[in-house]
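The sequence shown begins at 4 in this note's numbering and counts up by one. A virtual CB, placed ideally from N, CA and C, is assigned to each residue, including glycine. Data block below; observations after.
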Amino acid sequence: MRTLIAFLEALYEEPTGVASDGVHPDYGVMPHFSPIGLTHSIDLSGAARNAAGGLFSRLAALIERAYGVAGLKISASHALRSNIDGQAGLFVHRMVASGGGRYPADLSLWIPAWASNCGSAWRGRAFAYAPHYARLFELPLAASESISRTEFPVEDDAVVLAISLDFYRTYPKYREFTYRLSAVDTGLLLGRITRLAGPEWTVKIDFDLNAELQQRILGRDTDRYPIYALITLRFRGPTSRHDEIWPRLEEHAPIGMLDATAPLPAPQSYFSGHFLHAHRMAQGAPTNTTHGTGSATMAVGPRSEEFGDPDESSHGIFRQSRAHAFTGLSLDRHILERCVKAMMHARAAMIGAASGQATASPPLLITVLNVDGVERGLYAVNEGSDELQRIAALDQPEKLSVAQYGKTFDIQKAGFVVHVTGHVECLLKGARGVREFRVREMVNGATLEAGIAVCAARDVTAHPYLGFSSRRVKDFYRLNDSKLRVMSQLCVGRVSDSAYLYYPFQC
4 MRTLIAFLEA
14 LYEEPTGVAS
24 DGVHPDYGVM
34 PHFSPIGLTH
44 SIDLSGAARN
54 AAGGLFSRLA
64 ALIERAYGVA
74 GLKISASHAL
84 RSNIDGQAGL
94 FVHRMVASGG
104 GRYPADLSLW
114 IPAWASNCGS
124 AWRGRAFAYA
134 PHYARLFELP
144 LAASESISRT
154 EFPVEDDAVV
164 LAISLDFYRT
174 YPKYREFTYR
184 LSAVDTGLLL
194 GRITRLAGPE
204 WTVKIDFDLN
214 AELQQRILGR
224 DTDRYPIYAL
234 ITLRFRGPTS
244 RHDEIWPRLE
254 EHAPIGMLDA
264 TAPLPAPQSY
274 FSGHFLHAHR
284 MAQGAPTNTT
294 HGTGSATMAV
304 GPRSEEFGDP
314 DESSHGIFRQ
324 SRAHAFTGLS
334 LDRHILERCV
344 KAMMHARAAM
354 IGAASGQATA
364 SPPLLITVLN
374 VDGVERGLYA
384 VNEGSDELQR
394 IAALDQPEKL
404 SVAQYGKTFD
414 IQKAGFVVHV
424 TGHVECLLKG
434 ARGVREFRVR
444 EMVNGATLEA
454 GIAVCAARDV
464 TAHPYLGFSS
474 RRVKDFYRLN
484 DSKLRVMSQL
494 CVGRVSDSAY
504 LYYPFQC
């Protein structure tokens, strides 16, 4: 157990295994979910969902706006290099951020066998979302029809979204650090789904499936493809609760290129012993948590003009992770204030959903570098307040730079940097045991996503970054609390459009 604790705590210090060039030699095509052979599928594109109408159109729009392809990025520097080393300069831009652009999280749909608001042909089936094709493809190996309401109590007018991981997408680059990074990636997606769903759907989150039930829901190997969270959705809008969700079942033959992008095989021995041990320990059923009690209803996020409409395309289309293009120009004060307020609200709501009750959380820490109307310095924002409390002057900003492991951008050119903190003394002592670690990191990711969403603009980037020393950042803020960890950071600043083109679109 001591070895396991040491492994988890080390993940806050060293992003181990990162290749110097950022690319692992085993990669040919970046793996992502793709069907092989003939399979049933559902078209989620705008034309199809508009034609179907009803609940299906709302659910399809939610999935696409949460995790769909939002545009294409063209990097001039990569395009020039492609003539030399074959690296392409064209990248697919998705709605949420992802560590290294790996997108290890997969989004799937499970329709319980007892669902009352869809045709009988759809009940007890599971589908995986393929963003590159804007479709849901049936998972033929799933045993979802055999799951009973006793095993997983879901209302008869609800559907369930599952967030699972493919560790192999991230592990070749980040090695053991993948265990933490992928949980944050899951939280980013989880946060976006719950925020977008809040106005129309009643949302519940379950973090507490055991591995056997996971495998039956999606029919996939839980060592490589574990489910980290299930999101239960019940529509509470004007549509009748008995309206049928699904359009006509469609037979779809995937085009030939899908075979070239199929998931790459990963032998069990590929992952390190520490990695697999921590993962398998977290997969067992939590001893004191049952589905439903740990699946509290999410609080609906604010919908004032201050935060904007959560359905605005800019939240995903203009989201950028381009800290390398920081200009050092100042930011407006309202950007800082909105970012902090949104992150505090999202963290409180997600902690409540994870624990079934509202619990106090550690402060957010903010380094203000160049914000109009706010003095440079170190600040904290505590639970129950949106006010910045000054900790100290910013007299040694270079210490923040030294704490960064990656040197791909100059953090001192940001307008401000937000650090999310947490306590680690109960990592293995709660009802979830080892699983508590990854749940906390999902809360962390959802907190980051809220800040990213409200900062999205053409000339502003909100870049989440985990490649730093928690210990050094804590020392930078002059904190003496030995139990506090700095879990993540969000770097926000003005960016330049030079040497970079982006073409946004919506399906």
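Output the distance between the C-alpha atoms of Asp29 and Leu7, rounded to the nearest integer angstrom.
Within the sequence shown, the letter at position 26 stands for residue 29. Within the sequence shown, the letter at position 4 stands for residue 7. A caution first: Asp29 carries a pLDDT of 46, below 50, which makes its placement in the model unreliable, though a value can still be read off. Roughly 28 Å between the two C-alpha positions.
Could you check the C-alpha separation between Gly71 and Asp160 for me, to the nearest Å?
The residue you call residue 71 lines up with position 68 of the sequence shown. The residue you call residue 160 lines up with position 157 of the sequence shown. Cα to Cα, Gly71 sits roughly 25 Å from Asp160.
Residue from Ala434, Ser333, Arg325 and Ile394 whose Cα sits closest to the Cα of Ser358:
As a working note, residue 358 is residue 355 in the sequence shown. Ranking Ala434, Ser333, Arg325 and Ile394 by CA distance to the CA of Ser358 puts Ala434 first.
Expressed to the nearest angstrom, what Euclidean distance is found between the alpha-carbon atoms of Ser60 and Trp249?
By one-based count along the sequence shown, residue 60 stands at place 57. By one-based count along the sequence shown, residue 249 stands at place 246. Distance from the CA atom of Ser60 to the CA atom of Trp249, rounded to whole angstroms, is 9 Å.
Let me make sure I understand the geometry here. Which of Ala9, Pro38, Leu75 and Asp462 has the alpha-carbon closest to that of Leu332?
Translated into the one-based positions of the sequence shown, residue 332 becomes position 329. Its Cα nearest to that of Leu332, the residue Asp462 stands out among Ala9, Pro38, Leu75 and Asp462.
According to DSSP, Pro467 sits in a beta bridge with which residue or residues?
Against the sequence shown, residue 467 aligns to sequence position 464. Bridge partners of Pro467: Leu493.
Threshold first: 4 residues or longer. Then list the alpha helix (DSSP H) segments lying entirely within the segment 366-416, N to C.
Runs of the alpha helix (DSSP H) inside the segment 366-416: 401-405.
Candidates Asp226, Gly425, Gly104 and Gly74: which alpha carbon is nearest Ser485's?
Numbered from its first residue, the sequence shown carries residue 485 at position 482. If we check each option's Cα against that of Ser485, Gly425 comes out closest.
How far does the beta strand (DSSP E) with Leu236 in it extend, from its first residue to its last?
Counting from one through the sequence shown, the residue named residue 236 turns up at place 233. Note, Leu236: beta strand (DSSP E), Ile230 to Phe238.
If the criterion is Cβ atoms closer than 8 Å, does the pair Ser324 and Thr464 meet it?
In the sequence shown, counting from the first residue as 1, residue 324 sits at position 321. In the sequence shown, counting from the first residue as 1, residue 464 sits at position 461. Yes, the pair counts as a contact, with Cβ atoms nearer than the cut-off.
Using only CA atoms, which one of Lys176, Asn447 and Gly380 lies nearest to Gln399?
Residue numbering aside, residue 399 sits at position 396 when the sequence shown is read from its first letter. Out of Lys176, Asn447 and Gly380, Gly380 has the C-alpha closest to the C-alpha of Gln399.
I need the straight-line Cα distance from Met445 to Pro107, nearest angstrom please.
On the sequence shown, residue 445 is found 442 positions in, with the first residue counted as 1. On the sequence shown, residue 107 is found 104 positions in, with the first residue counted as 1. Taking the straight line from one Cα to the other gives about 13 Å.
Tell me, which residues are paired with Glu141 by DSSP?
Taking the first residue of the sequence shown as 1, we reach residue 141 at position 138. Partner(s): Phe130.
Quick check on this structure: which residue in Tyr171, Thr205, Glu16 and Ala129 has the alpha carbon closest to the alpha carbon of Glu158?
Counting from one through the sequence shown, the residue named residue 158 turns up at place 155. For Glu158, the nearest C-alpha among the options comes from Thr205.
Measuring straight from C-alpha to C-alpha, what distance separates Arg497 and Cys458?
The residue labelled residue 497 in the question sits at position 494 within the sequence shown. The residue labelled residue 458 in the question sits at position 455 within the sequence shown. The alpha-carbon atoms of Arg497 and Cys458 are separated by roughly 11 Å.
Is the Cβ-Cβ distance between Gly177 and Pro18 less than 8 Å?
Within the sequence shown, residue 177 is the residue found at index 174, counting from 1. Within the sequence shown, residue 18 is the residue found at index 15, counting from 1. First, the residue type needs correcting, since residue 177 is Tyr and not Gly in the sequence shown. Against a cut-off of 8 Å, the Cβ pair of Pro18 and Tyr177 comes out as a contact.
My assumption, with CB atoms under 8 Å, is that Phe419 sits in contact with Val374. Please give the rounded CB distance.
Start at 1 with the first residue of the sequence shown, and residue 419 comes out as number 416. Start at 1 with the first residue of the sequence shown, and residue 374 comes out as number 371. The C-beta distance from Phe419 to Val374 rounds to 6 Å, short enough to meet the 8 Å contact threshold.
How close, in whole Å, do the beta carbons of Ala145 and Ala129 come, if the pair is a contact with beta carbons under 8 Å?
Position 142 of the sequence shown, counted from the start, is the residue given in the question as residue 145. Position 126 of the sequence shown, counted from the start, is the residue given in the question as residue 129. About 4 Å; that satisfies the 8 Å criterion.
Within a Cβ cutoff of 7 Å, which residues of the same chain sit near His280, ignoring the five residues on either side of it in sequence?
Along the sequence shown, read from residue 1 onward, the residue named residue 280 stands at position 277. Non-local beta-carbon contacts of His280 in its own chain, meaning distances under 7 Å to residues more than five positions away in sequence, involve Leu7 in chain order.
Mapping the DSSP letters down to three states, classify Arg198 as helix, strand or coil.
For the purposes of this step, residue 198 is identified with residue 195 of the sequence shown, where counting begins at 1. In this structure, Arg198 counts as helix in the three-state DSSP scheme.
Go ahead and pull the three-state DSSP assignment for Ser44.
In the sequence shown, the residue the question calls residue 44 occupies position 41. In this structure, Ser44 counts as strand in the three-state DSSP scheme.
Does the contact criterion of 3 or more C-beta pairs under 8 Å hold for the segment 42-49 versus the segment 133-147?
Short answer: they touch.
Are the beta-carbon atoms belonging to Ile234 and Leu164 less than 8 Å from one another?
Taking the first residue of the sequence shown as 1, we reach residue 234 at position 231. Taking the first residue of the sequence shown as 1, we reach residue 164 at position 161. Taking 8 Å as the Cβ cut-off, Ile234 and Leu164 qualify as a contacting pair.
Where do the ends of the beta strand (DSSP E) carrying Arg97 lie?
By one-based count along the sequence shown, residue 97 stands at place 94. Annotation for Arg97: the continuous beta strand (DSSP E) segment containing it runs Leu93 to Arg97.
Residue range of the beta strand (DSSP E) that includes Thr330
Start at 1 with the first residue of the sequence shown, and residue 330 comes out as number 327. For Thr330, there is no enclosing beta strand (DSSP E), as DSSP marks it with neither H nor E.
Tell me the DSSP secondary structure of Trp204 in three-state form.
Working through the sequence shown from its first residue, we reach residue 204 at position 201. It is a strand residue.
Which residues in the same chain have their Cβ closer than 6 Å to the Cβ of Tyr15, if we skip the five residues on either side of it in sequence?
As a first step, residue 15 must be located in the sequence shown, where it is residue number 12. Correct list, in chain order: Ser473 and Arg488.
Ala131: which of Gly122, Ala55, Leu142 and Phe10 sits nearest, CA to CA?
Numbered from 1 along the sequence shown, position 128 holds the residue referred to as residue 131. Distance check between Ala131 and each of Gly122, Ala55, Leu142 and Phe10 places Leu142 closest, using alpha-carbon atoms only.
Sequence-distant residues of the same chain with beta carbon closer than 7 Å to Gln407, five excluded per side:
Locating residue 407 in the sequence shown gives position 404, where the first residue counts as 1. Correct list, in chain order: Ile414, Gly470 and Phe471.
Quick check on DSSP: helix, strand or coil for Leu164?
The residue given as residue 164 occupies position 161 in the sequence shown. Correct three-state label for Leu164: strand.
Output the distance between the C-alpha atoms of Ala395 and Ile354, rounded to the nearest integer angstrom.
By 1-based counting over the sequence shown, the position of residue 395 is 392. By 1-based counting over the sequence shown, the position of residue 354 is 351. Rounded to the nearest angstrom, the two C-alpha atoms are 29 Å apart.
Straight-line Cα distance separating Phe479 from Ile220
Against the sequence shown, residue 220 aligns to sequence position 217. Against the sequence shown, residue 479 aligns to sequence position 476. Cα-Cα distance, rounded: 46 Å.
Any idea what DSSP makes of His426, helix, strand or coil?
The residue given as residue 426 occupies position 423 in the sequence shown. Three-state DSSP puts His426 in a strand.
Count the other CB atoms within 10 Å of the CB of Thr153; is the residue buried (16 or more) or exposed (fewer)?
The residue you call residue 153 lines up with position 150 of the sequence shown. Counting every other CB atom within 10 Å of its CB across the protein chains shown gives Thr153 a total below 16, marking it as exposed.
For Phe321, the three-state DSSP class (helix, strand or coil):
Counting from 1 along the sequence shown, the entry for residue 321 is found at position 318. DSSP places Phe321 outside both helix and strand once states are collapsed to three, so it counts as coil.
Evaluate Met98 with the Cβ neighbour count: other Cβ atoms within 10 Å of its Cβ, from every protein chain shown; 16 or more gives buried, anything less gives exposed.
Translated into positions along the sequence shown, residue 98 becomes position 95. Label assigned to Met98: buried.
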